[in-house]
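Asks:
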Amino acid sequence: MLRFSRKEGIFIIIFVATLLYSLGAILMRKLKDVGVFNTQAWTAVIGLPILLSLSLATESGQVAQVMAMNSTGWAAIFYTAVLSSVVGYGGMNFLLKHHPVTLIAPILLSTPVFAAVAAIIAFGDALTPRFLAGASLTMLGLAVIHLRDWWKKRQIVGELLP
């Protein structure tokens, strides 16, 4: 059996999640006759039993925690189930179906940076040099994508003009 350190395990999980999301985005572009809400509904139908099974296998006291949940907990569930999943992923899937991936990718790449900035503002999370380095690398990557697209468009326009 393979054994990984905690850091290696985290890296593998992030890598596999990124790979699977990328494959999902590619497949989403190919679904022409399936509506966004149908896709979201089937994702929920398939995901719910899997996540419930994982929760039952790895956690305890879930029913008691749900019964004791306050309005903040229910608001978090509503946000996750409706706003994040239906609006967020539904909107992203809509964009992926109707626009080139190169136009949508910068939105996906910038999401962690804006989420971290929101956590710093809303919850007082620490602004560390590591975060600043990661955010800078992400923004540099976005700049490279943007400048590449801008340069290509400029070359095309230059070829069309006499």
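In the numbering used here, the protein residues as written are 46 to 207. Ideal Cβ positions, reconstructed from N, Cα and C, are used throughout, including at glycine.
#1: Less than 7 Å between C-beta atoms, sequence neighbours within five positions excluded: which residues of the same chain meet that for W195?
#2: Assuming contact is defined by CB atoms lying nearer than 8 Å, are L187 and P151 in contact in what I supplied?
#3: When you compare the CB positions of A163 and A180, do they come within less than 8 Å of one another, or not?
#4: Specify, as a first and last residue, the run of the alpha helix (DSSP H) that K75 falls within.
#5: If A70 and V146 are in contact, beta carbons under 8 Å, what's the gap, nearest whole angstrom?
#6: Return the chain-ordered ranges of every beta strand (DSSP E) run that is complete within the segment 97-156 and spans a minimum of 3 residues.
#7: Report yes if the C-beta distance between N138 and M73 is below 8 Å; otherwise report no.
#8: Helix, strand or coil, according to DSSP, for D170 in the structure here?
#9: Taking the alpha-carbon positions, what's the M184 to G54 distance?
#10: If we count the other Cβ atoms within 10 Å of its Cβ and call it buried at 16 or more, is T84 buried or exposed?
#11: Between I59 and F49, which are expected to be in contact by the criterion C-beta below 8 Å, what is the C-beta distance as a whole number of angstroms?
Replies: Quick look at the numbers:
#1: For the purposes of this step, residue 195 is identified with residue 150 of the sequence shown, where counting begins at 1. Closer than 7 Å at the Cβ level, and outside the excluded window around W195, lies no residue.
#2: Here the question's residue 187 lines up with position 142 in the sequence shown. Here the question's residue 151 lines up with position 106 in the sequence shown. Against a cut-off of 8 Å, the Cβ pair of P151 and L187 comes out as a contact.
#3: Residue 163 sits at position 118 when you count from the first residue of the sequence shown. Residue 180 sits at position 135 when you count from the first residue of the sequence shown. No, the Cβ-Cβ distance between A163 and A180 is not below 8 Å.
#4: Here the question's residue 75 lines up with position 30 in the sequence shown. Looking at the DSSP string, the run of the alpha helix (DSSP H) that includes K75 is 51-75.
#5: Residue numbering aside, residue 70 sits at position 25 when the sequence shown is read from its first letter. Residue numbering aside, residue 146 sits at position 101 when the sequence shown is read from its first letter. Indeed, because the Cβ distance is near 7 Å, the residues count as touching under 8 Å.
#6: none
#7: Taking the sequence shown and counting its residues from 1, the one referred to as residue 138 is at position 93. Taking the sequence shown and counting its residues from 1, the one referred to as residue 73 is at position 28. Contact: yes.
#8: As a working note, residue 170 is residue 125 in the sequence shown. Three-state DSSP puts D170 in coil, outside helix and strand.
#9: Here residue 184 refers to the residue found at position 139 of the sequence shown. Here residue 54 refers to the residue found at position 9 of the sequence shown. If I take the Cα positions, the gap works out to 26 Å.
#10: Taking the first residue of the sequence shown as position 1, residue 84 is located at position 39. Result: buried.
#11: Residue mapping note: residue 59 aligns to position 14 of the sequence shown, counting from 1. Residue mapping note: residue 49 aligns to position 4 of the sequence shown, counting from 1. Going by Cβ atoms, the distance from I59 to F49 rounds to 13 Å, so no, they are not a contact pair.
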